[in-house]
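Visitor: Structure provided below as structure tokens; questions to follow.
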Amino acid sequence: MNILKASTSLVSVKWLNTNLNTENLIILDATINKQIENNSERIPKARFFDIKQKFSDTNARFPSTLPSMEQFETEARALGINNDSFIVVYDDKGIYSSARAWWLFKTFGFNNVAVLDGGLPEWKEQNFPIETYKKEPIKKGNFKASFLPELMTDFTGLNQFSKDTKTLILDARSEARFNCLVDEPRQGLRRGTIPNSKNLPYTALFNGNILKSKEELLKIFDNLVEETTRMVFSCGSGITACILALAATQCGYENLVVYDGSWTEYGTLT
-9 MNILKASTSL VSVKWLNTNL NTENLIILDA TINKQIENNS ERIPKARFFD
41 IKQKFSDTNA RFPSTLPSME QFETEARALG INNDSFIVVY DDKGIYSSAR
91 AWWLFKTFGF NNVAVLDGGL PEWKEQNFPI ETYKKEPIKK GNFKASFLPE
141 LMTDFTGLNQ FSKDTKTLIL DARSEARFNC LVDEPRQGLR RGTIPNSKNL
191 PYTALFNGNI LKSKEELLKI FDNLVEETTR MVFSCGSGIT ACILALAATQ
241 CGYENLVVYD GSWTEYGTLT
């Protein structure tokens, strides 16, 4: 039996196509705000990881809020995920909400997970097989969650981090939003920037759909890191901040934190 284990947080579409039939592989489609219908396309055998409705606290004040450990475990098991599964997660934009799904698994103690580099667009670009969603039974998994609170922070923690000279806060929003030159897309949310934060638009991390090489990413981060011992990532609502976390992980950085509520929370509460 061929069992896959994660040696990297990123896998190529070529690798995935080669390993499609591996027994412990589970492919998750983490496209955000997607409505699954019978004619919706997917990578073969993919299961829908519903960030908004299943893997967020839908009763929370802010969007895409971290779910409870119990909720995450229940929903992961419903997707057939086991403790020995190897998960590859993708989305239909390239790398976007898939990074959030990846970080959620890490936050709940599961490291045998990787993001598909380039996602569905790259998969289709390489003419690999596509199928449509169909209703099919999924055997309940035995996934066991273990919450690692140090990987996520909230408003209180963020305020402490912003006063720590050894912590670098990186904002994944566009330069125009970071510099308050345009309105926030969320209605009623004020313009603004977290104190002592720096801007690293997530779009700067890509060559087309593909994440830049480690060498290219290191050049970007090295210009920002300086004497940092911790990096905290923010964005609009906690989605694209996880892309920065993915890129930093690829570079070998440690002590990484995602600000769950991001600017939506911070801009509302200050």
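Positions -9 to 260 (this note's numbering) are the ones given, in order, by the sequence shown. Using N, Cα and C, we set each Cβ at its ideal position, and we do this for glycine too. These figures come from a predicted structure and were not determined experimentally.
#1: With C-beta atoms as the reference, is Asp161 less than 8 angstroms away from Cys225?
#2: Give the DSSP bridge partners of Ala104, in chain order.
#3: With H, G and I counted as helix, E and B as strand and the rest as coil, what does DSSP make of Glu31?
#4: Following the continuous alpha helix (DSSP H) through Asn213, name the residue where it begins and the one where it ends.
#5: Thinking Asn132 and Arg67 are a contact (beta carbons under 8 angstroms), I'd like their distance in whole angstroms, please.
#6: In angstroms with no decimal places, state the Cα-to-Cα distance between Ile128 and Tyr249.
#7: When you measure from the CB of Tyr256 to every non-hydrogen atom of the ligand SAH, does any distance come out below 7 angstroms?
#8: Does the beta-carbon of Ile85 have 16 or more other beta-carbons within 10 angstroms, so that it is buried, or is it exposed?
#9: Let me know the secondary structure DSSP gives Val1 once reduced to three states.
#10: Count the other CB atoms, across all protein chains shown, that sit within 10 Å of the CB of Gly178; report buried if there are 16 or more and exposed otherwise.
#11: Could you tell me whether the Cβ atoms of Leu234 and Met142 are closer together than 8 angstroms?
#12: To which residues does DSSP link Ser187 through a beta bridge?
#13: Taking 8 angstroms as the threshold (C-beta atoms), are Val78 and Ile17 in contact?
#14: Take Ser227 and list the residues in its own chain whose beta-carbon comes closer than 6 angstroms to its own, dropping the five residues that flank it on each side.
#15: By Cβ distance, which residues of its chain are closer than 8 angstroms to Leu195, with the 5 residues on each side in sequence left out?
#16: Within a Cβ cutoff of 8 angstroms, which residues of the same chain sit near Lys156, ignoring the five residues on either side of it in sequence?
#17: Name the residue from Gly99, Ile120, Ala104 whose alpha carbon lies nearest to the alpha carbon of Pro139.
Guide: Quick look at the numbers:
#1: For the purposes of this step, residue 161 is taken as residue 171 along the sequence shown, with counting starting at 1. For the purposes of this step, residue 225 is taken as residue 235 along the sequence shown, with counting starting at 1. The beta carbons of Asp161 and Cys225 sit closer together than 8 angstroms.
#2: Start at 1 with the first residue of the sequence shown, and residue 104 comes out as number 114. DSSP, once it has assigned bridges, lists Val78 as partnering Ala104.
#3: For this step, residue 31 is matched to residue 41 along the sequence shown. Reduced to three states, the DSSP call for Glu31 is strand.
#4: Within the sequence shown, the letter at position 223 stands for residue 213. Residues 204 to 215.
#5: Along the sequence shown, read from residue 1 onward, the residue named residue 132 stands at position 142. Along the sequence shown, read from residue 1 onward, the residue named residue 67 stands at position 77. 7 angstroms between Cβ atoms; contact.
#6: Counting from one through the sequence shown, the residue named residue 128 turns up at place 138. Counting from one through the sequence shown, the residue named residue 249 turns up at place 259. When rounded, the distance between both Cα atoms is 33 angstroms.
#7: Although the ligand SAH was asked about, the structure shown includes no ligands whatsoever.
#8: Here the question's residue 85 lines up with position 95 in the sequence shown. Residue environment for Ile85: buried (at least 16 other C-beta atoms within 10 angstroms of its C-beta).
#9: Taking the sequence shown and counting its residues from 1, the one referred to as residue 1 is at position 11. In this structure, Val1 counts as strand in the three-state DSSP scheme.
#10: By one-based count along the sequence shown, residue 178 stands at place 188. It is exposed - the Cβ of Gly178 has fewer than 16 other Cβ atoms within 10 Å.
#11: As a working mapping, residue 234 is identified with position 244 in the sequence shown. As a working mapping, residue 142 is identified with position 152 in the sequence shown. The answer is no: Cβ separation not under 8 angstroms.
#12: Against the sequence shown, residue 187 aligns to sequence position 197. Ile159.
#13: As a first step, residue 17 must be located in the sequence shown, where it is residue number 27. As a first step, residue 78 must be located in the sequence shown, where it is residue number 88. In contact: Ile17 and Val78 (Cβ atoms closer than 8 angstroms).
#14: Start at 1 with the first residue of the sequence shown, and residue 227 comes out as number 237. Here the set comprises Pro53, Ser54, Ser252, Thr254.
#15: Within the sequence shown, numbered from 1, the residue matching residue 195 stands at position 205. Sequence-distant partners of Leu195 (beyond 5 residues in either direction) whose C-beta falls short of 8 angstroms from its own C-beta, in its chain, are Leu201, Lys202, Leu207, Ile210, Ile233, Leu234, Ala237.
#16: Within the sequence shown, residue 156 is the residue found at index 166, counting from 1. So the qualifying residues of the chain are Glu217, Thr218, Thr219, Arg220.
#17: Taking the sequence shown and counting its residues from 1, the one referred to as residue 139 is at position 149. Nearest Cα to Pro139 within the set Gly99, Ile120, Ala104: Gly99.
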